[in-house]
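Undergrad: One structure is given below, represented as structure tokens, and several questions about it will come after.
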Amino acid sequence: LASARYPIGELTFFRSFFAVIPVFVWVGYRGELPSVFYTRHIGQHLIRSVAGASAMFCGFSALSLLPIADATAIGYAAPLLTVVFAVFLLGEKVHIYRWSAVFVGLFGVLVILSDYVVPGASGAGERSISGAAFAVGGAVFGALAATQVRSLVRYESAATIVIYFSLFTALFSLGTIPFGWVVPT
1464 LASARYPIGE LTFFRSFFAV IPVFVWVGYR GELPSVFYTR HIGQHLIRSV AGASAMFCGF
1524 SALSLLPIAD ATAIGYAAPL LTVVFAVFLL GEKVHIYRWS AVFVGLFGVL VILSDYVVPG
1584 ASGAGERSIS GAAFAVGGAV FGALAATQVR SLVRYESAAT IVIYFSLFTA LFSLGTIPFG
1644 WVVPT
């Protein structure tokens, strides 16, 4: 796993930096390159980017501390939490069948988490508890980012949302340089 050798901030930077290249090609091909940067909602892009970058950082951290299957399964709480956030932050209406699915899904995530946070459980330990916390944080931040995207798509193009996220995340993760970077080989 790359996180065993490279710092999480560096992985986040390169994931975002290399995402910018095909986005610029795609936007340039469509003839939208100058206009893609026009927005009246820079604050909302910033919120989405901070949430998305935090989700990415937490997700990579969880993968470095937990078995891949468990980190991934806990991360699947993000779409379930997106439903909850959409109700409270966007005022969306959710019917009982969807709430039932959310509760069943979150119960499944709690079953996985119990192996890491219940004292005496087989997976419990300082490293595993941190990994579980990062996985939950990644799901929460990912859900917030997805909810923000649901708000942004009302008045922004997909290209604008993607370009701002990729650029902001690359810039934010550059701030991790003082905490140690490893030259890729």
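Okay, so the sequence shown: first residue is 1464 according to my numbering, each after it adds one.
C-beta atoms are modelled at their ideal positions from N, C-alpha and C, and glycine is treated no differently.
When the Cα atoms are used, what is the spatial distance from Phe1570 to Phe1480?
TA: Taking the first residue of the sequence shown as position 1, residue 1570 is located at position 107. Taking the first residue of the sequence shown as position 1, residue 1480 is located at position 17. The alpha-carbon atoms of Phe1570 and Phe1480 are separated by roughly 36 Å.
Undergrad: Mind reading off the beta-carbon distance from Leu1653 to Phe1551? Whole number of angstroms is fine, and I expect it under 8 Å.
TA: Summary: the structure shown does not reach residue 1653, with the chain confined to residues 1464 through 1648, and so no result is reported for it.
Undergrad: Would Leu1528 pass as a contact of Phe1597 if the rule is Cβ separation under 8 Å?
TA: As a first step, residue 1528 is located in the sequence shown; it is residue number 65 there, counting from the start. As a first step, residue 1597 is located in the sequence shown; it is residue number 134 there, counting from the start. Yes, the Cβ-Cβ distance between Leu1528 and Phe1597 is below 8 Å.
Undergrad: So, are the CB atoms of Ala1536 and Ile1592 less than 8 Å apart?
TA: Against the sequence shown, residue 1536 aligns to sequence position 73. Against the sequence shown, residue 1592 aligns to sequence position 129. No, these two residues do not count as a Cβ contact at 8 Å.
Undergrad: Quick one, are the C-beta atoms of Ala1602 and Ala1540 less than 8 Å apart?
TA: For the purposes of this step, residue 1602 is taken as the residue at position 139 of the sequence shown. For the purposes of this step, residue 1540 is taken as the residue at position 77 of the sequence shown. Yes, these two residues count as a Cβ contact at 8 Å.
Undergrad: Among the residues of its own chain, which have a CB less than 8 Å from the CB of Arg1511, if the five just before and after it don't count?
TA: In the sequence shown, residue 1511 corresponds to position 48, counting from 1. Excluding residues within five positions, the ones whose Cβ falls inside 8 Å are Ala1608, Gln1611, Val1612, Leu1615, Ile1624, Tyr1627 and Phe1628.
Undergrad: Within 10 angstroms of the Cβ of His1558, are there 16 or more other Cβ atoms? Answer buried if so, exposed if not.
TA: Taking the first residue of the sequence shown as position 1, residue 1558 is located at position 95. The residue is exposed, with fewer than 16 neighbouring Cβ atoms inside 10 Å.
Undergrad: Hey, Ala1518 and Phe1604: beta-carbon distance below 8 Å or not?
TA: The sequence position of residue 1518 within the sequence shown is 55, counting from 1. The sequence position of residue 1604 within the sequence shown is 141, counting from 1. It is a contact, given that the beta carbons lie within the stated cut-off.
Undergrad: Starting from Glu1473 and walking both ways along the alpha helix (DSSP H), at which residues does that stretch end?
TA: Translated into the one-based positions of the sequence shown, residue 1473 becomes position 10. Glu1473 -> alpha helix (DSSP H) spans Ile1471 to Tyr1492.
Undergrad: Nearest-angstrom Cα distance between Val1486 and Phe1631?
TA: As a working note, residue 1486 is residue 23 in the sequence shown. As a working note, residue 1631 is residue 168 in the sequence shown. Between Val1486 and Phe1631, the C-alpha separation is close to 14 Å.
Undergrad: Relative to the C-alpha of Ala1525, which candidate in Gly1600, Tyr1618 and Thr1648 has its C-alpha closest?
TA: Against the sequence shown, residue 1525 aligns to sequence position 62. Among Gly1600, Tyr1618 and Thr1648, the Cα nearest to that of Ala1525 belongs to Gly1600.
Undergrad: What separation, rounded to the nearest whole angstrom, lies between the Cα atoms of Gly1538 and Phe1548?
TA: The residue you call residue 1538 lines up with position 75 of the sequence shown. The residue you call residue 1548 lines up with position 85 of the sequence shown. Roughly 16 Å between the two C-alpha positions.
Undergrad: Taking only three categories from DSSP, how would you classify Ser1527?
TA: Sequence index remark: in the sequence shown, residue 1527 carries index 64 (1-based). Helix.
Undergrad: Considering Cα atoms alone, identify which of Val1572, Trp1562 and Ala1534 is closest to Val1650.
TA: The chain is shown from 1464 up to 1648; residue 1650 falls before or after that span and cannot be answered.
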